[in-house]
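**Student:** Going by full-length UniProt numbering, the sequence shown opens with residue 1, and the numbers climb by one from there.
Backbone N, C-alpha and C fix where the C-beta goes; we use that ideal spot for every residue, glycine too.
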Amino acid sequence: MSALDMPFNMSPETVAHHEDLVQIMTLVGFVALVYDHILTFADEINYIWRARAGLVSVLFLLNRYIVPGIIFVDVFELFWLPDNSATFCKAWTATQSFLTVASFLSIHTIIALRVHALYNGRLWVKYFLWIAALLYAISSITIVTVAGVQLIPHISPPSHGCVGEIPSYLWVAWLPSVIFESILFGLTVNVMITQDKRRSFNTLTLILYRDGMFYFLAVSICSLFSLLVWALADPTLLGLARYFALAMVNVAASRLVLNLKTYAAHKNETQWDTTSPGSPVDVPPPPSLRFLSSNDSDSSANFDLEMYSIERQCQQLGTRLH
Numbered sequence: 001m002s003a004l005d006m007p008f009n010m011s012p013e014t015v016a017h018h019e020d021l022v023q024i025m026t027l028v029g030f031v032a033l034v035y036d037h038i039l040t041f042a043d044e045i046n047y048i049w050r051a052r053a054g055l056v057s058v059l060f061l062l063n064r065y066i067v068p069g070i071i072f073v074d075v076f077e078l079f080w081l082p083d084n085s086a087t088f089c090k091a092w093t094a095t096q097s098f099l100t101v102a103s104f105l106s107i108h109t110i111i112a113l114r115v116h117a118l119y120n121g122r123l124w125v126k127y128f129l130w131i132a133a134l135l136y137a138i139s140s141i142t143i144v145t146v147a148g149v150q151l152i153p154h155i156s157p158p159s160h161g162c163v164g165e166i167p168s169y170l171w172v173a174w175l176p177s178v179i180f181e182s183i184l185f186g187l188t189v190n191v192m193i194t195q196d197k198r199r200s201f202n203t204l205t206l207i208l209y210r211d212g213m214f215y216f217l218a219v220s221i222c223s224l225f226s227l228l229v230w231a232l233a234d235p236t237l238l239g240l241a242r243y244f245a246l247a248m249v250n251v252a253a254s255r256l257v258l259n260l261k262t263y264a265a266h267k268n269e270t271q272w273d274t275t276s277p278g279s280p281v282d283v284p285p286p287p288s289l290r291f292l293s294s295n296d297s298d299s300s301a302n303f304d305l306e307m308y309s310i311e312r313q314c315q316q317l318g319t320r321l322h
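Given below as structure tokens:
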């Protein structure tokens, strides 16, 4: 129950029951996150660690290993935190708040790159996404900072969990995320309708649309659930959604990246198998499938999205931001 407002008008039994619910939901999210890591660890080794490093891979790995650490500390806070831990609570509440915002921002960056690739790097999409992303980042960081200034000095741990007075407006911290997710979803649906009219779907675009829809559904449910809990529920239930949502969003984002990485690897293997019966050493990959190096571009503003190396072959879906 990080940074909660202690409800003195509630019975101790009700408070204890709410604490149990928060602990259960936090454990469910943590176990689901660890279980997903175990299931996908082989794919992570094959398609992330052994592949060419890039922006998406870096963001993937940061979320992959920082988020479980955040939730592990939250589990410690909820179950084993000593009563006299005000200094820890103040430091951790500030750190956790900004790490959570950074995690959501980085995941949304990956989704924005996918949307931009679907539009084949069109300038108006690039500028629109940049403006929307900047507004999203600035508003989220501002809300968390202003609330933290009011909240952190008054935190004290009377029982397991860091407890303090939470500003009544803090639920709006979820709004920028919900709005930005809706923008990305709307852009995805728009380009999907356009491609449907042209009957230009292929395996890659279907994967992008399928994963995009599932991701939007999962993340929107988590974000809206958190927003509604923070806006309407008792203060002792605020942690009910926060930690669980962070875990589930991370799981959805990891699957989204690994699905496309897996497809790219299999597509590349198929190309190698069909180019020549000779040794791969003697037959370089076709230009359309190779990754772009820094020397391939005349402008430093152009960079490879690293996940989309095969998209040029699939109707010029887009591999670079122009």
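Roughly how far, in whole angstroms, is the beta-carbon of Asp-196 from the beta-carbon of Asn-259, given that I think they are within contact range, below 8 angstroms?
**Tutor:** Actually they are not in contact, since the Cβ atoms of Asp-196 and Asn-259 sit about 21 angstroms apart, beyond 8 angstroms.
**Student:** Decide if Asp-20 is buried, meaning its Cβ has at least 16 other Cβ atoms within 10 Å, or exposed.
**Tutor:** exposed
**Student:** Using a 10 Å radius around the Cβ and a threshold of 16 neighbouring Cβ atoms, would you call Leu-118 buried or exposed?
**Tutor:** Of the other Cβ atoms in all chains shown, 16 or more fall within 10 Å of the Cβ of Leu-118; this residue is therefore buried.
**Student:** Would you kindly work out how many angstroms separate the C-alpha atoms of Thr-95 and Leu-134, rounded to a whole number?
**Tutor:** 21 angstroms
**Student:** Which one of Ile-183, Lys-267, Tyr-215 and Ser-168 has the shortest CA to CA distance from Leu-228?
**Tutor:** Considering only Ile-183, Lys-267, Tyr-215 and Ser-168, the residue with the shortest C-alpha distance to Leu-228 is Ser-168.
**Student:** When you compare each of His-37, Cys-222, Lys-126 and Pro-235 to Leu-184 by their alpha carbons, which one comes out closest?
**Tutor:** Lys-126
**Student:** Would you check if the distance between the CB atom of Val-75 and the CB atom of Leu-27 is smaller than 8 angstroms?
**Tutor:** When the beta-carbon positions are compared, Val-75 and Leu-27 come within less than 8 angstroms of each other.
**Student:** Taking only three categories from DSSP, how would you classify Asn-46?
**Tutor:** Taken through DSSP and simplified to helix, strand or coil, Asn-46 comes out as helix.
**Student:** Looking at the unbroken alpha helix (DSSP H) that takes in Gly-148, where does it start and where does it end?
**Tutor:** 123–151
**Student:** Which word fits Leu-39, buried or exposed, when buried means at least 16 other C-beta atoms lie within 10 angstroms of its C-beta?
**Tutor:** exposed
**Student:** Given Ala-137, which residues of its chain have a CB within under 6 angstroms of its CB, disregarding the five upstream and five downstream residues?
**Tutor:** Leu-105
**Student:** Output the distance between the C-alpha atoms of Val-115 and Ser-140, rounded to the nearest integer angstrom.
**Tutor:** 21 angstroms
**Student:** By how many angstroms is the C-alpha of Tyr-47 removed from the C-alpha of Pro-280?
**Tutor:** Legend: pLDDT at Pro-280 = 43, less than 50; position of this residue unreliable, value from coordinates given subsequently. Answer to the nearest angstrom: the Cα atoms are 19 angstroms apart.
**Student:** Would you mind sorting residue 330 into buried or exposed? The rule is 16 or more other CB atoms within 10 Å of its CB.
**Tutor:** This structure leaves residue 330 out entirely; the chain is present only between 1 and 322.
**Student:** Could you tell me if residue 362 is buried or exposed, where buried requires 16 or more neighbouring beta carbons within 10 angstroms of its beta carbon?
**Tutor:** The shown model of the chain, from 1 to 322, leaves out residue 362, and the question about it has no answer.
**Student:** Starting from Asp-74, follow the alpha helix (DSSP H) in both directions and report where the run begins and ends.
**Tutor:** 55–80
**Student:** I'd like to check one pair, Val-58 with Leu-113: are the Cβ atoms closer than 8 angstroms?
**Tutor:** A distance of 8 angstroms or more separates the beta carbons of Leu-113 and Val-58.
**Student:** Mark Pro-12 as exposed unless 16 or more other C-beta atoms lie within 10 angstroms of its C-beta, in which case mark it buried.
**Tutor:** Classified as exposed, Pro-12 has fewer than 16 neighbouring CB atoms from the shown chains inside 10 Å of its CB.
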